[in-house]
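Residues 8 to 190 (the numbering used here) are what the sequence shown spells out, left to right. Glycine residues also receive a C-beta, built at the ideal position from the N, C-alpha and C atoms. Predicted, not measured: the structure shown is a model, and the values here were computed from it. Take a look at the structure set out below.
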Amino acid sequence: MRAIDVRDLLETPGSSRTVHVEEPVPGLRTELADVPEDTPIAADLTLESVVEGIFVRGSLEGRFAMRCARCLKTFERDFDVEMTELVAREPGPDDDYALEPDLTLDPEPIVRDAVVLEMPFSPLCRPDCLGLCEICGGDRNLGECPGHEITDPRWDALDVLLQHLEPPPDEEPSDDDERTTTR
Ligand SMILES: [Zn+2]
Ligand SMILES: [Zn+2]
Numbered sequence: 008m009r010a011i012d013v014r015d016l017l018e019t020p021g022s023s024r025t026v027h028v029e030e031p032v033p034g035l036r037t038e039l040a041d042v043p044e045d046t047p048i049a050a051d052l053t054l055e056s057v058v059e060g061i062f063v064r065g066s067l068e069g070r071f072a073m074r075c076a077r078c079l080k081t082f083e084r085d086f087d088v089e090m091t092e093l094v095a096r097e098p099g100p101d102d103d104y105a106l107e108p109d110l111t112l113d114p115e116p117i118v119r120d121a122v123v124l125e126m127p128f129s130p131l132c133r134p135d136c137l138g139l140c141e142i143c144g145g146d147r148n149l150g151e152c153p154g155h156e157i158t159d160p161r162w163d164a165l166d167v168l169l170q171h172l173e174p175p176p177d178e179e180p181s182d183d184d185e186r187t188t189t190r
């Protein structure tokens, strides 16, 4: 994001100004959510000159692309984040943000932190998403899973085995049978 020149504000403590910033912020990504790099984040910020530096207040709007933690479907959702931060002129140990040496303000670190905090850790396509069947992988939301009668998981492996066995050959008796009967 482009730096904002705030020298005029710093000259007059108590003064304020609003700015509109609308730019993509790359690299906003967690395991199941991200802000697509071609989608800008729009920020309406009020910059207020205080003794310590510039007080930044405002809202951020953009769009998350997410993957449902239960059914893995991708979906998008708009976000709207409020934030309030001090960008210090002479940062101390408790200050998270500082003005640049040339007295400009880079909004990107503040925007980045506020948006990352808002990113859902475990996004759901809808609150009551039924997820995928652990046995057949069908999407329960779409009724893809027929339901399974055998509930003991030990039998599932046997079922799969039986399905893969070749049907017995028609010729009889087989060599194996002869051997067992002659002994
Ligand atoms: Zn889902
Ligand atoms: Zn199933």
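_Taking 7 angstroms as the cut-off, is the beta-carbon of residue 145 closer than that to any non-hydrogen atom of ligand 2?_
yes
*Return the chain-ordered list of same chain residues with a C-beta closer than 6 angstroms to the C-beta of residue 72, the five sequence neighbours on each side being excluded.*
Closer than 6 angstroms at Cβ, skipping near neighbours: 41, 43 and 83.
*For residue 21: DSSP bridge partner residues*: None; residue 21 has no bridge partner.
_Under 8 angstroms, with one C-beta from each stretch per pair, do the region 46–56 and the region 144–159 reach the 3-pair mark?_
no
*Shortest alpha-carbon distance to residue 156 belongs to which of 142, 59 and 146?*
142
*Please state if the CB of residue 8 and the CB of residue 87 are separated by a distance shorter than 8 angstroms.*
no
*For the beta strand (DSSP E) containing residue 58, list its first residue and its last residue.*
Neither: residue 58 is in no beta strand (DSSP E) and is coded neither H nor E.
*asked:* If you reduce the DSSP assignment to three classes, tell me which class residue 68 lands in.
replied: strand
*With DSSP run on the structure shown, which of helix, strand or coil describes residue 27?*
strand
*8 angstroms contact criterion, which residue 118 and residue 32 should meet: CB distance rounded*: 6 angstroms
*Consider the C-beta atom of residue 136 and the heavy atoms of ligand 2; say whether any pair is separated by less than 7 angstroms.*
no
*asked:* At a cut-off of 7 angstroms, would you count residue 152 as near ligand 3, judging by its Cβ distance to the nearest heavy atom?
replied: For ligand 3, the structure offers nothing, since it holds only ligand 1 and ligand 2.
*asked:* Using a 10 Å radius around the Cβ and a threshold of 16 neighbouring Cβ atoms, would you call residue 187 buried or exposed?
replied: Low local confidence applies: a pLDDT of 49 at residue 187 is under 50, so the model's placement there is unreliable, and no value is given.
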